[in-house]
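One structure is given below, encoded as structure tokens.
In UniProt numbering, the protein residues as written are 1 to 291.
Here's what the structure looks like:
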């Protein structure tokens, strides 16, 4: 039971990160928020980084640097700069498409097998995403597009990171990619910052702390702890809850309205993702019965 609670807590933290991001925007510009968030995580992992840095052969450093760039600067700058232009609800729904994006990118690039049902559900979810994005003009469309592009980046590094996890421990891999990614984030964050003014507030500081300690450090640790003891396919069910948590708290804390179009988009995105996530668990349960 406890491992499932760990994974549920991780999904909650990740799902509410855009809500915290909106609150943190009152403190500073989006690139600076991302930089401050990962500076906390990078400092925490620095001792492990120093111990692990010699475990990577010199021939693999180029690949590790590229992977770290994709995992932190590329992913989170796209997400949080997109969040500036759209609502937390819309951004969360773009991220909700992530499990299906991983499948679609795997099918298109790596020629991984994808059933007709997966394609159908992916098409339905994509229709929901396009419905929320709206007409291809204006700030909302741009914001949603940037967040959606981040899911393509995630789909690429998720598969690539699996190769690295075979030769490095979870802590070593996390420390290396977090510290390297944070260092590479610095010039991009400074270049992309438009407003250098910092406005301290208790709510904004708490939201920033939530992002740095809760979403960047706590969620990853909780996820890894939980996934040690539960089937990998069960983890997908909890990731599918991320957009649900995000929408609930965006409405409750940010008072974001839910119109008919947004509600329809939520249904079209969340339901296919839940079905995709539950299917492997049901199939795994049927196998012993068949035997």
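Note that the Cβ used here is the ideal one computed from N, Cα and C, for glycine as well.
- Sorting 142, 76, 67, 165 by C-alpha distance to the C-alpha of residue 21 places 76 at the top.
- The DSSP-derived three-state label of residue 134 is coil.
- Take residue 194, set aside five residues on each side of it, and the residues of its chain with a beta-carbon closer than 8 Å to its own are 29, in chain order.
- Only residues of its own chain outside the window of five on either side were considered, and among them 157, 160, 161, 164, 177 have a CB closer than 8 Å to the CB of residue 67, listed in chain order.
- Within the same chain, Cβ atoms closer than 8 Å to the Cβ of residue 228 are found at 3, the five residues on either side in sequence being excluded.
- Remark: C-beta atoms of residue 19 and residue 253 approach each other more closely than 9 Å.
- Distances from the CA of residue 14 to each of 274, 171, 213, 106 were compared; the closest alpha carbon is that of 213.
- Cβ neighbours of residue 32 within its own chain (closer than 6 Å, five residues either side excluded): 193.
- Residue 48 and residue 172 have their C-alpha atoms spaced approximately 6 Å apart.
- When DSSP states are grouped into helix, strand and coil, residue 123 belongs to the helix group.
- Classified as exposed, residue 167 has fewer than 16 neighbouring CB atoms from the shown chains inside 10 Å of its CB.
- The region 78-95 makes contact with the region 139-146: 3 or more CB pairs, one atom from each, lie closer than 8 Å.
- Residue 199 sits in coil when the DSSP states are folded into three classes, being neither helix nor strand.
- For residue 89, the three-state secondary structure derived from DSSP is helix.
- Excluding the 5 residues flanking it on each side, residue 215 has same chain C-beta neighbours closer than 6 Å at 13, 17, in chain order.
- About 19 Å separates the beta carbon of residue 242 from that of residue 72, a gap too long to meet the 8 Å contact definition.
- Here residue 40 is near residue 217, since their CB atoms are less than 9 Å apart.
- In the three-state reduction of the DSSP assignment, residue 80 falls in the helix class, which pools H, G and I.
- Look at residue 230 here: in three-state DSSP terms it is coil, with no helix or strand label.
- Look at the beta carbons and you see the region 108-120 not touching the region 144-154: under three pairs across the two are nearer than 8 Å.
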